Structure formats: structure tokens, C-alpha cells
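Novice: Residue numbers (our numbering), protein chains in the order written: chain A, 1 to 440; chain B, 1001 to 1440; chain C, 2001 to 2440; chain D, 3001 to 3440.
Each residue gets a CB set at the ideal place from its N, CA and C atoms; glycine is no exception.
Please read all numbers here as calculations on a predicted model, not as lab measurements.
For reference, the structure I am asking about is given below.
4 protein chains.
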Amino acid sequence: MNQEAACRSIETTIKSLGRATIDSPVSGSTIFVEDHERVVIDTSLGFFKRCMETGSEPVSFELAGPRRKIYFDPSKTKCAIVTCGGLCPGINDVIRSLVLELHYAYRVENIYGVPYGLQGFIPSYGHALVELTPDAVEHIHELGGTVLGSSRGSQDIGEIVDALERLNMNIVFFIGGDGTLKAASSVAREALERGYRCAVIAIPKTIDNDIAFVSKTFGFDTAVEEARKVITCAHAEAKGAPNGIGLVKLMGRDSGFIAANAALASRDVNFVLVPEEDFDLEGPRGFLCALEKRIRTRGHAVVVVAEGAGQKFFTDMPEEKDASGNVRKHDIGVYLKERIERYFQEVALPVNLKYIDPSYTIRSVTANASDSIFCGFLAQMAVHAGMCGKTDMLIGLWNNVYVHIPTEICMQGRKKIDVGGPLWMSVREATGQPVMVNEG
Amino acid sequence: MNQEAACRSIETTIKSLGRATIDSPVSGSTIFVEDHERVVIDTSLGFFKRCMETGSEPVSFELAGPRRKIYFDPSKTKCAIVTCGGLCPGINDVIRSLVLELHYAYRVENIYGVPYGLQGFIPSYGHALVELTPDAVEHIHELGGTVLGSSRGSQDIGEIVDALERLNMNIVFFIGGDGTLKAASSVAREALERGYRCAVIAIPKTIDNDIAFVSKTFGFDTAVEEARKVITCAHAEAKGAPNGIGLVKLMGRDSGFIAANAALASRDVNFVLVPEEDFDLEGPRGFLCALEKRIRTRGHAVVVVAEGAGQKFFTDMPEEKDASGNVRKHDIGVYLKERIERYFQEVALPVNLKYIDPSYTIRSVTANASDSIFCGFLAQMAVHAGMCGKTDMLIGLWNNVYVHIPTEICMQGRKKIDVGGPLWMSVREATGQPVMVNEG
Amino acid sequence: MNQEAACRSIETTIKSLGRATIDSPVSGSTIFVEDHERVVIDTSLGFFKRCMETGSEPVSFELAGPRRKIYFDPSKTKCAIVTCGGLCPGINDVIRSLVLELHYAYRVENIYGVPYGLQGFIPSYGHALVELTPDAVEHIHELGGTVLGSSRGSQDIGEIVDALERLNMNIVFFIGGDGTLKAASSVAREALERGYRCAVIAIPKTIDNDIAFVSKTFGFDTAVEEARKVITCAHAEAKGAPNGIGLVKLMGRDSGFIAANAALASRDVNFVLVPEEDFDLEGPRGFLCALEKRIRTRGHAVVVVAEGAGQKFFTDMPEEKDASGNVRKHDIGVYLKERIERYFQEVALPVNLKYIDPSYTIRSVTANASDSIFCGFLAQMAVHAGMCGKTDMLIGLWNNVYVHIPTEICMQGRKKIDVGGPLWMSVREATGQPVMVNEG
Amino acid sequence: MNQEAACRSIETTIKSLGRATIDSPVSGSTIFVEDHERVVIDTSLGFFKRCMETGSEPVSFELAGPRRKIYFDPSKTKCAIVTCGGLCPGINDVIRSLVLELHYAYRVENIYGVPYGLQGFIPSYGHALVELTPDAVEHIHELGGTVLGSSRGSQDIGEIVDALERLNMNIVFFIGGDGTLKAASSVAREALERGYRCAVIAIPKTIDNDIAFVSKTFGFDTAVEEARKVITCAHAEAKGAPNGIGLVKLMGRDSGFIAANAALASRDVNFVLVPEEDFDLEGPRGFLCALEKRIRTRGHAVVVVAEGAGQKFFTDMPEEKDASGNVRKHDIGVYLKERIERYFQEVALPVNLKYIDPSYTIRSVTANASDSIFCGFLAQMAVHAGMCGKTDMLIGLWNNVYVHIPTEICMQGRKKIDVGGPLWMSVREATGQPVMVNEG
């Protein structure tokens, strides 16, 4: 609930290119949404009561959905779609639904794919735009990855806006993680400053599911499903050798949601190490001791570690950044592997450690049914928002409702596992793992 | 949002066996939940404002979760678990998590499975109770179905309570659909009247996902995933023959959620027929005409029908009930198959219709990762509720939060697809299907 | 081994359009096969010795593979592909590999798909040929079914050959079951008689795996994999209800290979009924009695029945044929369901029978890896055979080697389960089922 | 066919503990196999003719299957099962079927699992034997890995035989790769020399499918299926980034069968590097140049490398051995990754390489249906062989027939891909890869 607490003072008004005056071509049987329809962010009764006492209106998000009046004239609207950052199950589902919704619901005919992420806007890379039609996207949801290609790293915002203006784009859909949200927001603001009417709508993509104010990001469910399969393999490996240890590194740079959920889904995991909870390796209450105890009593163990866990062990080492400007995490998986092997050599207990780092095979599969449906809705809502001239916003799911969120507020921090909350409690129960810090 | 509207006057207080005075043995690092923590049911800002204006407190649900004080002394607590009605992915996950939570979190040692549903309580059936230990349930989540067995149909409430009293059961977990919720509620009330302290906690199970005030029921995601596979097959069959028609009947007695979601996940469906939307077969705007048009223009079609759709075609036929007392639906799948074949004979357009009725193979698979995690939480929350002496309630998920819901209010009606809302709009867009009534 | 016995006197010479004189364009590093390379059909040492004693050469098949000299000039060659009969996993893999092999290995540029089976040849149906290029087939193996469409039923051979001549086709690939093999053979002979140089190469397709002299047909492995999943569901259903019976009807018109193999793969089946083994329903040694015994002792049962089993129960009923001229089997699944239910009513033992008939969802999936590879080889071998002017033959796999088989000898009977052999012995052991005939 | 050539002078007589005189308890309807029933190894007609000319009997294998007379008295027979070496899909299927066949077909009641491979025989390790009953093994085929545990490395043969004698074991089933076959053979011979009547039957296990005179080993099909999935991911990664390269290392220490078959099954691979075909990295015809050409023309590439490929690049480095005494291969995957990255830096063409090493997740899954059935037959045949007193042999599949093979002849070399044969030709065609050596 601390997220809701944090949000009590945030600004949630959505920017707009101007008044929407054109009748929506969306089928008449649709129930249109009005801009004043909003949902309260914090749904606890206590918060409600406090608001009543103080007479203050609670912070709320604008509802997503089709509006009766739109801003752009569909027959003259030109749209671009760009996918950035690492792969994630469902990107092609989003692309496909954007195209179909624009084409069939709004009769927009000019839709272009920008190849290879933000690079695709920059002339010097020489990537040609891809025309996107319903035929071109018909089967793309059956493929993993992104048919547009992606790339990491930022590009000059001015150059991006120049490119968009030159192409006369009216709506740009950015699909990407925080670097991309930041770029999208800068693009939106730069365009507004220039007086160039371009709606910038983002659909947040992070397999780690760690975007603030977004209950769930697409691809996460599928990733957990795949991670569960890998853990089942690690368990077979662990049981298949004397003192077998299966060590699995899962995605999760700042938040351990995949690790925690995969452990719950699998029920074969004995230790889950995540960025949110501190742990020591050495010492009587440290992880290595706990692992030794497990091995001595049960003869095997499965350990799941999120890539961002235990970064404190690398504080002496120099910080590196990847092409997207993300701080590159030191490889906790390889580090743990070595530390475990060394430790058991020292205590003269021969173990068989199998290290599995499955990231690419988790993130590049096709979306499962649930994510596929979810992607469809995100895309539709994004199209509705873009067509009525909203900008500098993203589509999020909040308490089961699709909402418009100003891009800015999602960049104020990341969603993290609350280590006192029910998710982490369940992980503790399912694994039986102790708190592994020597003091505190 | 109409559901929320309906609930503004409902009673959401949970019955209790008495004051909880024993310290919870649940690990100290847990963040306990207080009974006064509640979430507002209707989260729209407009509703909030109206409450503020009138000074009325909004209707809210009690939060689920561990309480600092519990009612039953774990060392003397005896629990029973019973599974009723049709199979649904995840039942074994729920059973397993109930047992593990009772055993490891609360140190309850006496846990029994009641075989074959409500029959298992009735002496004349002669089914012996099954002892449930962590070892016994370790691998059951890898199996579909229910290891306890199930049965349909009601049993005498007095006899059930007699059996529970004789066995000295303190908490009974009912896993089942509306018939079961009704029985559970009657058992709870009968026990209260007799002064017999028995907590009755229900975990709603319906593959149709149609329980009022419950955002999602377990097994639904998995069912949609399986249904998608079947539709892919139907599509291959439809395209594989001249004028091929793939007709798939999916579950959904009163609500078409599985049909609608599977259609969205698959993207190959041309017609979805559900109980919530009226349709005619004959006539210029009827389904058969629309299907003919599709076949003549595209050469193939995929039709998905929920089992409860089109019941108006059977009004002349006598009503039948199954063992659970549910009104037995006339088989719309077989009926449509015959009507389609006859129609195309009459219009002299030879078609190849392949009819697929996959129900048993959808509901008896193991839960996917998402459902498996979900089942774990439902079970944990149910144990927390039971241990602190709540009764006549069920565990529900409302706006992403686990809550306590009085059994009664879930029986006041079913959740249905809002045919003006975004789900059905998306289905219309994805299928391109018209409204198929001749008048109105 | 009785098949080998049967074949000692068969004619296995392959017909040819004429002398192959053109140098093959296939890459020089290839090891070419000579026409005199053959493999002996019966590989038993005893047979070998008898041949030595009598000085007789054993019957053998010509090896498939690329020949150094080919008959058709690739730059002028025109090919057609037609797919007939019911769906089977892998058809699209075969089509794809035919096209790629013709295009890349032989540089053939004119390749056409004939739509909807033999209908596609007949002008009155008005189906247009489909041009097949590497691009057009690139992703088709990711789809179940056949992209060309299929149909059942025979067409006039003269009309087919007229169509081929008119189109100037040089090689025609028929993918289909026995009706199709028969048609292909007639087409080949008619063309030869007319002096029209057209190579007719068949790739046998039968999900039942029952073609004589062919060790395995494509799609069979995949079908067994799918059937295993269905049986797992039937098992969950059977265990999930008091006296639960899961009854699964699987494909197998004349041979029970899918039923037998799926039962072995699943290990949850208690009775397998196939066309090859007689069984009674009534009587002290009949199936119903055996099933009752199982239910009374174990409380549940899984029964698998091949569609062609127990046809003796229908002898009084009139014979029907489907569009392909196959005798239409009476529905043993529905019949058994009714007989079982009636029987248990009579003996007053209430059972819960769940009947599953999954055929369409088994045959329309994509090929598994093993079948996909297999389809690739069949297609390549077919192209090699066609290009060097062989005709009236099919590509078969015999003792792990790809061979040329005269179409005719495969039509002399079907491959059947040897009820004294190891496959059926294993089924008996795995199920524990008795011989279920009252006399004999 | 070179394997058959190699075998013309091999000794294929099976050793025996003595005359089998006890009537088999196997059900009377079984068709028993006689020892003189054999199948010819080389089935080519040419070979047959040469034998006829010279009057020499061709080399043949003894048929596996139940014998009318057995050697051991079932009521007094004690059996052990041991699993050695790395995991492979299907081990638990084999264990399960051995137990069920011994128990149900022969009524053997004393069956023990030896834990953790050959270690389990050696007292100093202190591993206790596991009793194996039908109940204990009922569900083990639903788990990957081996329920008995495994280990690498040899143990003292004398100590193993001591242990067996002490335990009075009559039949020992060894499931393992070449190290294990060698150990099994030594155990068998040592026991014979001591006059201790112990039948030693091996079931060859190698996921690489490279055992001489064995057409296929269990688990291979499943491994190829899993490898195909990984390649699909690598393809998505490659297409998802500018100049993306997906590099997948697959199992295959001495033979590239998994790599070759997975490439054929996937159809997305551009280069397959295997131990059987030499390739250079540098130079105008080397791999790096070919890869550059592919990247420049198509913008992405998928490379599959078998772990034993390219070992010539490591000749300067010292040889290492693993615990089983296998020469440890230098990691060609990591090496290639570095070389590729360095090369493209040098030619100033920025690429995005994603390296995937999935081994553990391929080998630890459960067996697919086809492998599961196969494992069942291997186990049954092994039991038949052991019960009639055969020893120092393994069960193999040769040309579709189960046979008895003296352990020794399988250790004379490995099965390898014939780079002039149809498998490799197909890989070349499917990938379009050139011969990548600069000279020769």
C-alpha cells in the first residue's frame, strides 16, 4: 500500500494537443468514456475516510477507453510505432492490435513501423520505415520478439522530433521500458514546445513488472510460466546428483517479481534471492551456511536469484552502463556459482552445482493467452488515447481498470516487492528460507 | 461498473465465531492485517464524490490476510477440505496450499480430505476420510482434477452438520461453485444456530468466472489457454476443406467469458455466441445469413459458442436439471451443427462442418503458472480467515486485493459480460461479427 | 514378420518415364544413389539362409535419394502438389520441403499448389491453382492443417489427366491416404498409356499409420503425443468422480496403432479396444464384466477405443460410405458409452462416465520436431524421384531407410497390430486387461 | 552404410550364465522368441549378393524378446538398477518399466535402486539402496531426471562386484553411456570369472545418440524437440536487434546429431557447426567471412554449434578430463562468441550477439510420448534378457528391431554424421551454409 501512500500528492492530469471536436467513427453501440471518469488510486476505506474528514479529493487516474469526440481526422492521420529495449513476450501482439484498431475501428490507413527502436528515427542509421497493414501483421503474434526489431540506448531527442515532423507523424506509439518512457516524454514535450501536434502514447514494457503505478506489465505472466519450466529442470538436475544444487538466475534488475512468482508457481525452490531483501553470504546466518544446512539434511537444493540481487557484493568494482544507459549489473549468477563452489570446497562437502541462465529463452517466446489478450487491450486503449489527442502519457492497468497515466510519474521510482507483504511472505513459506543477514 | 452500482446497499460484514484471543503462531516478520482494513468496492471518483456529498460511507470489503490474534488453538484444531462440482484447473493447488499453510504456518496437524464432494459427509455413501499431510500433497499440483474426488448435487444440510460435529471439525473449507456456496452457507448458519463452533470458509470455483463480486476465479486463465489451442485446431480444420466451418462449443452456462476471452486470445474466430447477447438464426440479419455471407466471401469460418447461448431456441422443450440442481442446458452445440448443415443444404452451398466439444479436456488439465500462484494465495487467505474464526464467507479477489466476502452476496446473481463494455467491444472488433437480431 | 512373408513374391520394380540423361544440378558434394542400390525387405537371418539355400534373390526395395542423372530439365519443369483426405500433422511441412527442394536444389521455378484435393483438378469446381514459392511457404510449417486445402472423395481419372496435360505438368506430388494412392496410381498409368510424360510421386499420409510396407507415416508421432494428453485428462476425470469412467475414442479405422501407442505413452489406461482384437461386451468374460470388476475394486477406469474396434456389433446395420468411398464406421465410442451406462444401471452401480472424442484436435496440430524432420526427408526423396522420371511410386520408410515403393503393393492390404507381437503384449501388460471373448 | 561395412567381422554372440531351464511365467498368449532368431546387420542387397557368392553367413544380431525358458527362478531373483552419467529424458521411464515388467510379468519381488550411479555400490559413500515397488515408481515418469540419482566417474570394478555378491544380486541393469557400458562389461566379465552368476544388462543412454550399432538412443527425440524451441528463441533474438546473431550451443561431444536434427526441425538456422565437419574461422572461405556475408545481406543470423565442434582451435591448450574420464571439451560456444564479437569489431560492423547455452534445460525434461514408449520397450527387452541369463550385453534398436548386442562392440567407436549422407546434405540445404575450409 506504500505506493498509494506515495501518490497522494502526484499530478495525474493528462496533457492534450487541443480540443477533440471530430465525431468518433467507432461503432455506435460502443459505450464511450468521458474524460471526467476517473478511478481513485488508493482504494482503502481508511484513505477514503481521511479524505472525507479533510474534504480533499483523492488522487485519481483518468479512465482509458473510446471517446465520443476525437482530435485527429482519421483520413489524414499518420501513425508510427516503435519498439525499444529488450525483448518481452507480447510485443508483436501489441503491434498487431495497434494496427488493427487504427485500421478497422478508426479507418486510419497510414501506419508505419519504425525499425530497430529509437535508431529507426535517426537518418544516419539508414533504416527504412515499414508499412504496416492488417495483412502484414495478421500472423505476427505467432512469433516471439518484435517484427520491427529493437535496439537499446537513447538517441538525440531533437533529431527524433525532427524526423517525426519531417514525416508528418500525428501519433507515435512507443513500446518500451523506462529509458523509452523518458525518451517518449521528452519527445512529447519537445513537440509541444515546437507547436508540432504530435500525440505520444507509451505502452510500458518491462518483463520485470516493476513500473510504478502499473499493476502488471504485459509479458510478465508468460515469463513466469517459462521460468517455472526452467526451475523444474533445475530441480531435476539437483535431485539427479549427490548433493546437487540447481542455481537459476532470472531476470529482475531492481525488483524480484519474476523470481518470487516463479518460485511460487514451481514449489520446488528452497532459496529466492532478490534485490529487495538484503542477504549475507558468509557468517552463521548467511546464505552459504543456510545452503549447507539444507544440503546436509536434504541432499539437494534449488536456488533462484534475480539478476539484481546482492549487488552489494560488487561495491568495490567499477560501475558500468549498457547501451540504454542502464547501470550494468555485475553477474550475481556467476558470482554465486563461484562462491558456492568455493565454500563447499572449504567445508569439504563435494556438491554438484548446475548453473542455468535462461534469460533469452524466457523473454523471446510468444505470449500466453492471458498476455495476448492483455496486449490487445493495451493497444486498443492506446489508440483511443492517441486519436483524441492525448499526449505524454502511457496506458496502464490499475486495479483491473485501464487508465491514462502521465509518463512522468512512472519514472519517479520502481515498483518493488514489499518484503513484509503477502507475496514475499508466501515466498518465505513456500521456500522455508530464513532471513539471511547476520545482524539487524 | 454496474456491479458496483448494484452493491451500494449490500451487507458486507463477516460473521465470526467469537473473539480471537490467541496469539498467531505465524512468523513475526509478517505484517498482520486488522479487521478494520477494508477496500472500497466502487473505486470510481464519481462514486467517491457522491459519498462525500452525502456523507455516507461507501460499501467496502474486509481485507483478507493473517490476523495477530486467532480464534482456534492450532494444536487442537481439526480441519476438513471438500471439493464439489465439476473439475477446474487448480483444485489440487488449492488443496495443497491449504494443507501446507495449515501445517507449516499454523502447526495444525489434523487435516482431512472429504472424498467425493458433499457425498463424503453422508454416512450412507461410506466414503472414508483421507488424512492430508504435507507429504501426501507434495506432488498433487502436477495432476489435473481433484485428488479428493468430487461429486455434483446437494446433500441434506442437517446430515452434513451432524457429520462435522461428530468428527469435531473446527474449520471446513468448501471448494465449489454456486451450489456449493449455498450449501456452505447453510452449513455455516446451521452450525451457528446449533452453537457448534465451526468456521466455514469457501473458495469459489467456477471455470466460467461468473461469480458476482469476484474479479476472477481460479482456473479461468488456464481454461482460456486450452480453449485457444482448440480454436487454433478448428481454424486449421476450417481452412483445410472447401467451405470449411469449425464450430467449437466452450463452457459458459450463463456467462460467455471463456468464449469471449478465448476468441480474443486466438484472433481466428469469426463469430462468438454467448448467453449475454441475443441472436436469431433465421432471417436476413440472423446468424445463418451472416455465416453464409462469410463463407461465400472467405471460404471458411470459425464459430465459437458458449454452452448457455441461444437457450431461447429450446423454450418449447422441457426443462431438465442435473445432479447439482443446475438447469441442464439444451446442447446448443449439437443444435447449431444441425441447423447450420440444414441451412447450407437448403441454400445448396456444400460446407464441411467440423464440430468440436472439448469441455473435459479443458477443465481437467493442470493449472498454468498464473493460476497456480493464484490458488496458493486463495488457500492461504482462506486458512487465515478460518483460523481467526470467520465463517459463512468466501475468499475473493476484488480489484487486485484478496478480501472476505459474505457467501450470501455472491449468490444474488451472476457476473455477466457487459455487451456495451470493452470486453465485448473487443470481441466484436476482433471477429467483425454484426449484431444478429432481426429486430430491436 | 508376417508382412515380410507376404512380400516374398511381390513386384518391386519402379516404373520410369525414360532414361535419365541430364546432369543433376544437385551440389557436387552429394553422394549420389544408384538405381541398383536396394535394401532387402525381410532382414531376418532365417530368410537370408533360405534364400542362400535356394539360390533365390530376396525381394528388395530401390533406395531413394539423389541420382547423378535426372530426366527432366529443371529450367522447363512444372510441378504440382495436391493434398487429399483428412488432416494430419505435417502436411504443410511436406509441402514446404517439396517447394524448397525443387527450388533450391534443382532450380525448378514453376511449382503449383492444387487446391482442395482432387477437386482442384476438375474445372467444374473452379478452384484456381496457387503459385508456390519459397517465400510463400516460409512459415507454413507453423500452421496445422494444409494450406492448400483438402477434400475427400475420388474424381474422374481422365479429367485429372486432362487437366494435368492441359497445364503441361511434369511432376505431380500426391499427398494422401489409400484412396489417394489409388487415384495417383491410376493417373500415373493413364498418363503412361497416353504417352504423356508425367511423373506421379506419392507421399503416403495416414494418421493411423496403417499402410503396408511403410514402417511409419508422418504425423503419427505427433498424434500419439496429443492423444496422450487427452488420456491424461480422461484419467483426471475418471479419478475425480465416484466410480468415474473416462472413455476416449481415438482414430484408427482398421488398425489400432494410435490407441495402442497412446496407451503405452500414457500408462493410465486400463482397457484398449482395437479393430485387431475381437472382444465381447456381454458375458462373464466380456468387456463390461471386466470393467465392472475394475470399478468395484479400484473405483475408476480409463478406456481407450479405436474408432474401428467392435464393428461386429453393427453387423445388422446398413453399411454407409463417406465421400472418399471409405466404409463409414458406426460410432463405437457413442455405442460403448450407451452400453456402459445401461450396463451399470442394470447392475445398480452408479458410474460417472465422461466421453471424449478428440479427433479434430489431434489431427490438426502442427508436427512435432521428429515428424517435422521426417516430413522434410520424405519431400526431398520425393523430389529426387520425380526429377529422375520415376512414376507410379511412393516414398516409404522401410527399416530406417527411405525407399521407392510401387504404389500398387501398398494397396494390397493394411498394416495391422500383430496381437501376438511385442506391441500388443506391452499394451496388455501396461493395462492389465484380459482377453475379453467368451469363447475360443 | 559404412557402419555395416565395419561390422562384417565383428563377434555378435551373446554370453550366457548357463542353460535356461525354467518355464517362463510370462503370459501364455505371448509369442516367444528363439535364440536362433536373428536379424542381418547390413540389409543392402549388394551385401546379400556378395555373401551368396562367397557362401559366407552375414553378421547378425540376436533378437530381443521373451524366451520360453528362463534361467532365474523369479521367486528368488534379486535385481538392481543403477543410472549413471548425465541426465537424459526418459531415465525414469526406463526405471519404471523395468520394475513393472519384473514385478508383473515375472513376479520378481526384490528390486533395488542403487543411488547415485556407480558410487552407490561403494560402501565408503554410504548411500543406502532404495526398494523399488510398482507403487514407488507409479508416477516417476512424470518427473525429469532420475529418481535414483546419478554420478559421473568410474569406480573400482572389484568393489562393485564385491558389493553385488554381498547383496546376492542376480541381475543388474546399468543405464548409462560409454563409460558405464565399459564398467558394466568389466563387471560382467569379473563376475563370470569369479563364477558368480550375475546377469549384467545395459541400456545405452546418451543424449548425443552416438552409440555404434544402435540406431537411436532414448531421449534423443525429446532433446531435439527442446532444442528446436531454443532455436526459435534464438531466431527471435536475432531478428529483434540490428545485425542480430543468435548463437546456440547444443550437446554433441563427438557427434552433431542433436545440432543437425534440431536445425532441420527448426528451419531457422543459417549455420550448423559439428565435430564431423572441419571448418576454419579465418580466411576468405572461413566461417567468420561467411557469417559476415550473411549479416551484410540479411541483417541477422542463427548459428548452432555442437559442443564438440572446432576442437582444433584448442590444440595448444592442455587436455582436461571430467569425473567420468571423458576428455573435457574446451567451450566452443564461449570461444565462438568471443571470436565473432572480435571479428565484427575489426570489420567495424556492430552486431548484437545473444549466446544461449541451454544444455541443462534440454536434458532434464520429461520424455515425450515417442521416447516414453521407446523406454518402455527397452526396459521390457532388458528384463527378458536378464531373466534368461544373458550377460555382458546391451539392448539396442537396429533397423526397427530390438536386439541383443555384446557390450564390447559398441565401444569400438562412435556413430557419427556421415557428411556425404542424406542427413548432412539436408542440413546443408536447409541452412544454405557453404563448406567453410580454406583449402582442400
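Going residue by residue through the region 2107–2155 of chain C, where are the continuous alpha helix (DSSP H) segments of at least 4 residues, counting only ones entirely within it?
Specialist: Within the region 2107–2155 of chain C, the complete alpha helix (DSSP H) runs of at least 4 residues are 2134–2137.
Novice: Check whether chain B comes within 8 Å of A2263 of chain C, counting only Cβ atoms and requiring the distance to be less than that.
Specialist: For the purposes of this step, residue 2263 of chain C is taken as residue 263 along the third sequence, with counting starting at 1. Chain B contact via Cβ: absent.
Novice: Check the Cβ of E142 of chain A against every Cβ in chain C and list those closer than 7 Å, keeping chain order.
Specialist: Along the first sequence, one-based indexing puts residue 142 of chain A at 142. Residues of chain C passing the Cβ test: E2142.
Novice: Taking only three categories from DSSP, how would you classify I1245 of chain B?
Specialist: Translated into positions along the second sequence, residue 1245 of chain B becomes position 245. Note: I1245 of chain B maps to strand in three-state DSSP.
Novice: Is K2205 of chain C close to chain B? Criterion is C-beta to C-beta, closer than 8 Å.
Specialist: Here the question's residue 2205 of chain C lines up with position 205 in the third sequence. No, its Cβ sits nowhere closer than 8 Å to a Cβ of chain B.
Novice: For K416 of chain A, I'd like the list of residues in its chain whose CB is within less than 6 Å of its CB, leaving aside the five on either flank, ordered along the chain.
Specialist: Here the question's residue 416 of chain A lines up with position 416 in the first sequence. Excluding positions up to five away in sequence, the list reads S255 and E276.
Novice: Could you give the distance in angstroms between the alpha-carbon of F48 of chain A and the alpha-carbon of I1211 of chain B?
Specialist: Within the first sequence, numbered from 1, the residue matching residue 48 of chain A stands at position 48. Within the second sequence, numbered from 1, the residue matching residue 1211 of chain B stands at position 211. C-alpha separation (whole angstroms): 27 Å.
Novice: List the endpoints of the continuous alpha helix (DSSP H) containing K1293 of chain B.
Specialist: Translated into positions along the second sequence, residue 1293 of chain B becomes position 293. F1287 to R1298 is the span of the alpha helix (DSSP H), which, as asked, contains K1293 of chain B.
Novice: Is K1076 of chain B helix, strand or coil when you go by DSSP?
Specialist: Working through the second sequence from its first residue, we reach residue 1076 of chain B at position 76. The answer is helix: DSSP assigns K1076 of chain B an H, G or I state.
Novice: In chain order, what residues of the same chain have a beta carbon less than 8 Å from the beta carbon of G3421 of chain D, not counting five sequence neighbours either side?
Specialist: Position 421 of the fourth sequence holds residue 3421 of chain D. Cβ within range, chain order: n/a, list empty.
Novice: Where do the ends of the beta strand (DSSP E) carrying E2062 of chain C lie?
Specialist: Along the third sequence, one-based indexing puts residue 2062 of chain C at 62. Unbroken beta strand (DSSP E) run through E2062 of chain C: S2060 to L2063.
Novice: Please report whether the beta-carbon of E237 of chain A lies at a distance below 8 Å from any beta-carbon of chain D.
Specialist: The residue labelled residue 237 of chain A in the question sits at position 237 within the first sequence. E237 of chain A counts as touching chain D.
Novice: CB-CB under 6 Å to G3090 of chain D, same chain, minus the five flanking residues each way: which ones, in chain order?
Specialist: In the fourth sequence, residue 3090 of chain D corresponds to position 90, counting from 1. Excluding sequence neighbours, G3090 of chain D sits near F3218, G3219, A3367, D3371 and C3375.
Novice: What separation, rounded to the nearest whole angstrom, lies between the Cα atoms of C2079 of chain C and K1321 of chain B?
Specialist: Residue 2079 of chain C sits at position 79 when you count from the first residue of the third sequence. Residue 1321 of chain B sits at position 321 when you count from the first residue of the second sequence. Answer to the nearest angstrom: the Cα atoms are 60 Å apart.
Novice: Would H3330 of chain D count as contacting chain B if we go by Cβ distances under 8 Å?
Specialist: Here residue 3330 of chain D corresponds to residue number 330 of the fourth sequence, with the count starting at 1. Chain B, which has no Cβ nearer than 8 Å to the Cβ of H3330 of chain D, makes this no.
Novice: For a contact meaning CB atoms closer than 9 Å, what does H3139 of chain D contact in chain B?
Specialist: Within the fourth sequence, residue 3139 of chain D is the residue found at index 139, counting from 1. Correct list: H1139, E1142 and L1143.
Novice: Let me make sure I understand the geometry here. Which of D:L3118, D:L3132, D:L3143 and D:P3134 has the alpha-carbon closest to that of K239 of chain A?
Specialist: What you label residue 239 of chain A is simply residue 239 of the first sequence in a count that begins at 1. Of the candidates D:L3118, D:L3132, D:L3143 and D:P3134, the one whose C-alpha sits nearest the C-alpha of K239 of chain A is D:L3143.
Novice: Consult DSSP for I2041 of chain C and reduce its assignment to one of helix, strand or coil.
Specialist: Locating residue 2041 of chain C in the third sequence gives position 41, where the first residue counts as 1. Residue state, collapsed to three classes: coil.
Novice: Would DSSP call N1092 of chain B helix, strand or coil?
Specialist: One-based indexing of the second sequence puts residue 1092 of chain B at position 92. Reduced to three states, the DSSP call for N1092 of chain B is helix.
Novice: Helix, strand or coil for A348 of chain A? Go by DSSP, reduced to three states.
Specialist: Taking the first residue of the first sequence as 1, we reach residue 348 of chain A at position 348. A348 of chain A falls in the coil class under three-state DSSP.
Novice: Counting only Cβ-Cβ distances shorter than 8 Å, please list the residues of the region 3017–3034 of chain D near chain C, keeping chain order.
Specialist: Hits within the stretch, in order: S3027, S3029, T3030 and I3031.
Novice: Which residues in the same chain have their Cβ closer than 7 Å to the Cβ of R1068 of chain B, if we skip the five residues on either side of it in sequence?
Specialist: For the purposes of this step, residue 1068 of chain B is taken as residue 68 along the second sequence, with counting starting at 1. Result list for R1068 of chain B: S1024 and F1032, in chain order.
Novice: Taking DSSP's pairing of strands, which residues face H1404 of chain B in a bridge?
Specialist: To locate residue 1404 of chain B, count along the second sequence from 1; it is residue 404. Paired residue(s): B:E1062 and B:I1395.
Novice: Counting contacts by CB-CB distance shorter than 8 Å, is D221 of chain A in contact with chain B?
Specialist: Numbered from 1 along the first sequence, position 221 holds the residue referred to as residue 221 of chain A. With 8 Å as the cut-off, D221 of chain A counts as an interface residue toward chain B.
Novice: Within 8 Å (strictly less), CB to CB, does T1043 of chain B reach chain A?
Specialist: One-based indexing of the second sequence puts residue 1043 of chain B at position 43. Yes, T1043 of chain B lies at the interface with chain A (some Cβ there is under 8 Å from its Cβ).
Novice: Under the DSSP definition of a beta bridge, which residues are partnered with F213 of chain A?
Specialist: Translated into positions along the first sequence, residue 213 of chain A becomes position 213. DSSP output for F213 of chain A lists no bridge partner at all.
Novice: Taking only beta-carbon positions, decide if E2004 of chain C is within less than 8 Å of chain B.
Specialist: Position 4 of the third sequence, counting from 1, holds the residue named residue 2004 of chain C. Only weak support exists for where E2004 of chain C lies, its pLDDT of 48 falling under 50; the coordinates are left without a value.
Novice: Should T2361 of chain C and V1305 of chain B be called a contact, given that it needs their Cβ atoms to be closer than 8 Å?
Specialist: By 1-based counting over the third sequence, the position of residue 2361 of chain C is 361. By 1-based counting over the second sequence, the position of residue 1305 of chain B is 305. Contact flag unset, no.
Novice: Taking the continuous alpha helix (DSSP H) assigned at G2176 of chain C, which residues delimit it?
Specialist: Within the third sequence, numbered from 1, the residue matching residue 2176 of chain C stands at position 176. Not the alpha helix (DSSP H): G2176 of chain C falls in the beta strand (DSSP E), residues I2171 to G2176.
Novice: For a quick check, are the C-beta atoms of G1113 of chain B and L1087 of chain B less than 8 Å apart?
Specialist: Within the second sequence, numbered from 1, the residue matching residue 1113 of chain B stands at position 113. Within the second sequence, numbered from 1, the residue matching residue 1087 of chain B stands at position 87. No, the Cβ-Cβ distance between G1113 of chain B and L1087 of chain B is not below 8 Å.
Novice: In chain order, what residues of the same chain lie with their CB nearer than 8 Å to the CB of W1398 of chain B, ignoring the 5 residues before and after it?
Specialist: By one-based count along the second sequence, residue 1398 of chain B stands at place 398. Closer than 8 Å at Cβ, skipping near neighbours: V1039, I1041, F1061, F1213, V1214, S1215 and I1405.
Novice: Taking only three categories from DSSP, how would you classify K3205 of chain D?
Specialist: As a first step, residue 3205 of chain D must be located in the fourth sequence, where it is residue number 205. Correct three-state label for K3205 of chain D: coil.
Novice: So for S2370 of chain C, helix, strand or coil by DSSP?
Specialist: Within the third sequence, numbered from 1, the residue matching residue 2370 of chain C stands at position 370. It is helical.
Novice: With 16 other CB atoms within 10 Å as the buried threshold, where does T1013 of chain B fall?
Specialist: By 1-based counting over the second sequence, the position of residue 1013 of chain B is 13. Under this definition T1013 of chain B is an exposed residue.
Novice: Applying a beta-carbon distance threshold of less than 9 Å, which residues of chain D neighbour M149 of chain A?
Specialist: Position 149 of the first sequence, counted from the start, is the residue given in the question as residue 149 of chain A. Here the sequence assigns Gly to residue 149 of chain A, which means Met is not the residue at that position. Chain D residues near G149 of chain A: K3239, G3240, A3241, P3242, G3244, G3299 and H3300.
Novice: So for Y2360 of chain C, helix, strand or coil by DSSP?
Specialist: Counted from its first residue, the third sequence places residue 2360 of chain C at position 360. Reduced to three states, the DSSP call for Y2360 of chain C is helix.
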